[in-house]
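Everything below concerns the one structure shown next.
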Amino acid sequence: TVPEPWAGGAPIRYAVMKENREGGDGGQQTVLRGTPQRVVVMVTPVIAHLSDLGLLDAVVAVDNGDYLYNQTVRERIASGRVSVVGGGAELDLERVVALRPDLVLLSALGPDDTSVRRLEAVGVPVVIVADWREQTPLGRAEWILLLGALFGRTQEAQALFSERERDYLRLREIASGVAAADRPRVMANGPWQGSWPVPAGGSYMARLFADAGGHYLWEDLPGTGSLFLDLESVLERAGDADVWVNLNFDWRTREDVLRTDPRLSLFAPFAAGRMYHHDLRVNPAGASDFWESGATRPDQVLADLVSIFHPNLLPGHERVFYRRLPGP
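Going by this note's numbering, the first residue of the sequence shown is number 7, and it counts up by one from there.
Take a look at the structure:
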């Protein structure tokens, strides 16, 4: 069951029949017959889940290969083994139908989502993946269980999730022992197109910062999305921050930061050299694995953040997603 596929949406139930045989009316649910052999994936983290479960051979198409980090899928796109079919109004419906997929995995913003309605109109089974609505790191990672159920890999999926959950909770427990006075003041993101998007206090990223033992400087502000502030407001609150993480995607050096706005040098982490970018796993095309396997491996993301906020807690940790921006 997908409890809330979009904001205010009613739950959607998927009934998976082990064999491709006729069944009764599914009622208020979608009936999927047989184990999927051919799938179209339009949600990036699903690629990471399928890779972990050894199911990439089932992928026959994706919506946009430009944003994919997974090298196997990228090579298959280049060779023509995996097609690119677009999404929304740009969805190449004829190509999707010609591929004869057993199902399409995608996210939806509402009941009238263009891709969903077009696919359903021609009888292509659709499964809504709403991992992006989860506001906890483990909640997003838990979606591997849906993939396990769909593909008959329930035990494997449960084992993977349980291991990651255990590691995440262990790291959170380690960081929870840090006294409030020793928690670094954390700021995030950077100015973009005239405003500075800042994760709200109830957001996914704010939860990661807290679980890693950080004092996120906007943790008091309600909401689960982003707040859009001007640079002056951010400087007033975070000018003396201890750590700056999740930098703009095109910031590779300190010079890149200053090119965006020279006033960014006024933030204490710039002078102290405590700026950390989540671009350690970005391919030459610009696709970031932080938003792909990072969503499925919150334990690894948390370990990176703990090592940044409290290096003494994880001595010798080799970061997977984050790197320190070169500086003083």
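Cβ atoms here follow ideal geometry from the backbone N, Cα and C, with glycine treated the same way.
| Asked | Found |
| --- | --- |
| Outcome for Arg325 when other beta-carbon atoms lying within 10 angstroms are tallied against a minimum of 16 | buried |
| Simplified DSSP state of Arg27, which is helix, strand or coil | Residue confidence is low: Arg27 scores 41 on pLDDT, short of 50, so the model does not pin down where it sits. Its coordinate-derived value is still stated next. Arg27 falls in the coil class under three-state DSSP. |
| Alpha carbon of His406 to alpha carbon of Ala127, nearest angstrom | Because the chain spans 7 through 334 in this model, residue 406 falls outside it and cannot be assessed. |
| Endpoints, alpha helix (DSSP H) assigned at Phe167 | 160 to 182 |
| Top-ranked residue by Cα proximity to Val192, from Phe255, Leu125, Met281 | Met281 |
| Rounded C-alpha distance that separates Ala301 from Leu175 | 16 Å |
| Contact under 8 Å by Cβ, Arg159 with Pro107 | no |
| Ala212 to Tyr222 span [Cα, whole Å] | 7 Å |
| Cβ-Cβ distance between Leu111 and Val184 below 8 Å | no |
| C-alpha distance - Ala165 paired with Pro332, whole-angstrom precision | 38 Å |
| C-alpha gap between Arg87 and Asn70, whole angstroms | 14 Å |
| Cβ distance (whole Å) where Val2 is taken to contact Val102 below 8 Å | Nothing can be reported for residue 2: it is not among the residues displayed for the chain, which extend from 7 to 334. |
| Close beta carbons around Ala194, own chain, < 7 Å, minus the five adjacent residues each side | Val204, Pro205, Met211, Val251, Asn252 |
| Identity of the residues DSSP links to His221 by a beta bridge | Arg191 |
| Boundaries (first-last residue) of the beta strand (DSSP E) holding Phe234 | 232 to 235 |
| Terminal residues of the alpha helix (DSSP H) in which His316 lies | Segment: none, His316 is in no alpha helix (DSSP H) and carries neither H nor E. |
| Sequence ranges, alpha helix (DSSP H) only - wholly within the segment 225 to 281, length at least 4 | 237 to 244, 260 to 266, 274 to 278 |
| Where Phe234 falls, given that 16 or more other Cβ within 10 Å makes a residue buried | exposed |
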